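Asker: I'd like to ask some things about the structure below.
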Amino acid sequence: MDTMPNTIAQIQTQLAGGSLTSAGLIRRIGQEFAADSQTDEALNAFLEIYDDAAELGAAADAERAAAAAQGSDALAALLRKKPLLGIPFAVKDNISVKGRRLTCASRILEGYVAPYSATVISRLCAAGAIPVGRCNQDEFAMGSSTEYSVYGPTRNPVNRAYVSGGSSGGSAAAVAANLAPFALGTETGGSVRLPASYCGVYGLKPSYGVLSRWGVVAFGSSLDQVGILGHTPSDIAAPLSVMCGADFYDDTSCDLPDAAQLSPLASAADSELAALNIAVPRQFIEAKGLDPEVGAVFESVQRWFTGKGARITVADVPILDASIACYYVIALSEAASNLSRFDGIRYGLRRDPGEGYDELYVRTRSEGFGPEVKRRIILGNYVLSEQFSGDCYKKAMSVRARMQREIQALYERHDMVLCPVCPTPAFKLGQKTEDPMAMYLSDMFTIFVNLSRTAALSVPAGKTSAGLPVGIQFAGAMFSEPRLLRIAEAWEREHPGCGQPVGR
Ligand code: GLN
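So in this note's numbering, spot 195 of the sequence shown is number 1274, and the numbers just go up one at a time.
What follows is the structure, given as structure tokens:
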């Protein structure tokens, strides 16, 4: 099969030139997905490609043709209103798309159909973009490898013996395998950046509130954010610019200042790079278990910045050592409470032995949830219990408040934080499934961003000798997304193709 275009800009150029149609592109995605599904080592990035997605593509093609027939002004006006006209995208299976199934990769949501679209989806659709299918994930977004899915793991397109990362592994693999130019994932503690790093694409975790959570299945509500995965910084900036901003349905949502800088995305000027004051947390460089090859990629990125004239200082931020403990107490408490709604009555699966409500709840939840989700519900309820909440939950809340203050203070002195996304590259399938602690530690460099409600971008920055991608985080204060993306664009221009699809 000849090469498919991969970035949004390439697709737009080909759509404008007439060498590609949206319907044709979506059909190709469907064919590649179907062919791959038949192989022994299928990626399993998508749980479903919507069978009428190509028809939506054809409608976008017709809209474009009708405007073009009226002249170039009419076409330009249409594209101003619908800047992503005909661009397909992939959706993690915990984000509602009206009329489509939604399972969170859990048995408990078997048969559930979303009654409305998440705000992020309706805004993308209003801009002309087309959701092509649902992506695999860890059950209820709990995990770091997409192995905790009732539908089986998603393999890493770079090397199929390895995990894709999680929990948005399906979204990352779909982009990395060029089955979508961009994808939506979600983050509670690193679930967009980690798979972006493992699969070699860009992945953004926006500041808390920038993207509405309306229609997104809650895990840890005070941490959850939708994130975006793409091949280039522009492939993230363009969808971000149409999705961001306050939403009536989500009281925690807010506008993104400087959103106008996102589209078109410019590169940070050399003078801006030279003026950067960058912090590297001591706690991360001295972390146990930092893979030397990840360390080498990290050093090369630091050299690139210092070569531009930026100043890098090692900052001591001891509170970072509490990230994992603090996160797991807060995230699991919120998860235990959020997941109590899956009771066998309102959503999806129902197992009713006919012995009353208690039996109905117990049977449905016992059969519906997988082992990792059950572990977390039990831990979450434990730390919330009256007896222990003072020792656990309340303490975690005060650690979090302190972390927020210290990270904010760090960003008063520095423009950004630079650090690896993960201490290691992708690991082999099955390597950590029996060891939850090892799995939890995958997020030790990402979680401070969620706890402090700030922003960070995973940048595909290099590879190990075995060819596994390594991502480095460009992290910044709340609402620094436009700036982080412009800095990443400067990186991209000097390292073109670092986030390109596998085998192209
Ligand atoms: N890996 C982390 C966890 O298992 C983060 C998950 C996420 O960001 N959704 O909780």
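C-beta: ideal position from N, C-alpha, C; glycine also.
Source: prediction; values computed, not measured.
(1) Should Leu1290 and Val1271 be called a contact, given that it needs their Cβ atoms to be closer than 7 Å?
(2) Could you tell me if Ala1145 is buried or exposed, where buried requires 16 or more neighbouring beta carbons within 10 angstroms of its beta carbon?
(3) By the three-class DSSP mapping on this structure, what secondary structure does Ser1101 have?
(4) On the three-pair Cβ rule with 8 Å, is the segment 1414 to 1429 touching the segment 1183 to 1200?
(5) Which one or two residues does DSSP pair with Val1170 in a beta bridge?
(6) Where does Met1495 fall in DSSP's three states?
(7) Which residue from Ala1132, Ile1398 and Met1322 puts its Cα closest to that of Ala1205?
(8) Kindly give me the distance between the Cβ atoms of Thr1198 and Asp1314, rounded to whole angstroms, as I take these residues to be in contact under 8 Å.
(9) Per DSSP, what are the beta-bridge partners of Lys1507 in this structure?
(10) So, helix, strand or coil for Gly1249, using DSSP?
(11) How is Asn1529 classed by DSSP in three states: helix, strand or coil?
(12) Is Thr1267 near the ligand GLN - that is, is its Cβ less than 6 Å away from at least one heavy atom of it?
(13) Give a single yes or no on whether Asp1522 has its beta carbon closer than 6 Å to a heavy atom of the ligand SAM.
(14) Any contact between the segment 1247 to 1263 and the segment 1494 to 1502? By contact I mean 3 or more CB pairs, one from each, below 8 Å.
(15) Determine contact between the segment 1132 to 1148 and the segment 1086 to 1104, defined as no fewer than three beta-carbon pairs at a distance below 8 Å.
(16) Give the DSSP bridge partners of Ile1128, in chain order.
(17) Mark Ala1153 as exposed unless 16 or more other C-beta atoms lie within 10 angstroms of its C-beta, in which case mark it buried.
(18) Under 7 Å, do Ser1276 and Val1500 count as touching if we go by C-beta distance?
(19) State the Cα-Cα distance for the pair Glu1573 and Val1549, rounded to the nearest angstrom.
(20) List in chain order: all unbroken alpha helix (DSSP H) runs of 4+ residues lying wholly within the segment 1321 to 1401.
(21) Indicate the three-state DSSP secondary structure (helix, strand or coil) for Tyr1227 in the structure shown.
(22) Go ahead and pull the three-state DSSP assignment for Gly1447.
(23) Heavy atom of the ligand GLN less than 6 Å from the Cβ of Met1476, yes or no?
(24) Does the pairing of the segment 1159 to 1176 with the segment 1081 to 1100 give three or more beta-carbon distances under 8 Å?
(25) Buried or exposed for Glu1491, please, with buried defined as at least 16 other CB atoms from any protein chain shown within 10 angstroms of its CB.
(26) Starting from Pro1539, trace the beta strand (DSSP E) in both directions and tell me its first and last residue.
(27) Exposed or buried, what is Ser1477 when buried is set at 16 or more other beta-carbons lying within 10 Å of its beta-carbon?
(28) Can you find at least 3 beta carbon pairs, one from the segment 1412 to 1419 and one from the segment 1373 to 1380, that sit closer than 8 Å?
Answerer: Reading it off the structure:
(1) Contact flag unset, no.
(2) Around the beta carbon of Ala1145, fewer than 16 other beta carbons lie within 10 angstroms, which makes this residue exposed.
(3) Of the three classes helix, strand and coil, the one that applies to Ser1101 here is helix, per DSSP.
(4) Contact between the segment 1414 to 1429 and the segment 1183 to 1200 is present, because at least three Cβ pairs lie under 8 Å.
(5) For Val1170, which the question treats as bridged, DSSP gives the partners Arg1213 and Leu1263.
(6) Three-state result, Met1495: strand.
(7) Closest option to Ala1205, judged by alpha-carbon separation, among Ala1132, Ile1398 and Met1322: Met1322.
(8) Their Cβ separation, rounded to whole angstroms, is 21 Å, which puts Thr1198 and Asp1314 out of contact at 8 Å.
(9) Beta-bridge pairing links Lys1507 to Tyr1241.
(10) In this structure, DSSP gives Gly1249 a helical state, which the three-state scheme calls helix.
(11) DSSP places Asn1529 within a helical segment (H, G or I) once states are collapsed to three.
(12) Within the cutoff, so yes.
(13) Looking at this structure, you won't find the ligand SAM anywhere; what it does contain is the ligand GLN.
(14) At 8 Å Cβ cutoff, the stretches do not touch.
(15) They touch, by the three-pair rule.
(16) In DSSP, Ile1128 forms a bridge with Gly1212.
(17) Answer is exposed; the Cβ neighbour count stays below 16.
(18) With contacts defined as CB atoms closer than 7 Å, Ser1276 and Val1500 qualify as a contacting pair.
(19) About 17 Å.
(20) You should have 1349 to 1353, 1361 to 1364 and 1371 to 1386.
(21) Tyr1227 falls in the coil class under three-state DSSP.
(22) Here Gly1447 sits in helix by DSSP.
(23) Checking the Cβ of Met1476 against the ligand GLN gives no.
(24) Short answer: they touch.
(25) By the Cβ-count criterion, Glu1491 is exposed, with fewer than 16 other Cβ atoms from all chains shown falling within 10 Å of its own Cβ.
(26) Element bounds for Pro1539: Ala1534 to Lys1542.
(27) By the neighbour-count definition (other C-beta atoms within 10 Å, threshold 16), Ser1477 is an exposed residue.
(28) Look at the beta carbons and you see the segment 1412 to 1419 not touching the segment 1373 to 1380: under three pairs across the two are nearer than 8 Å.
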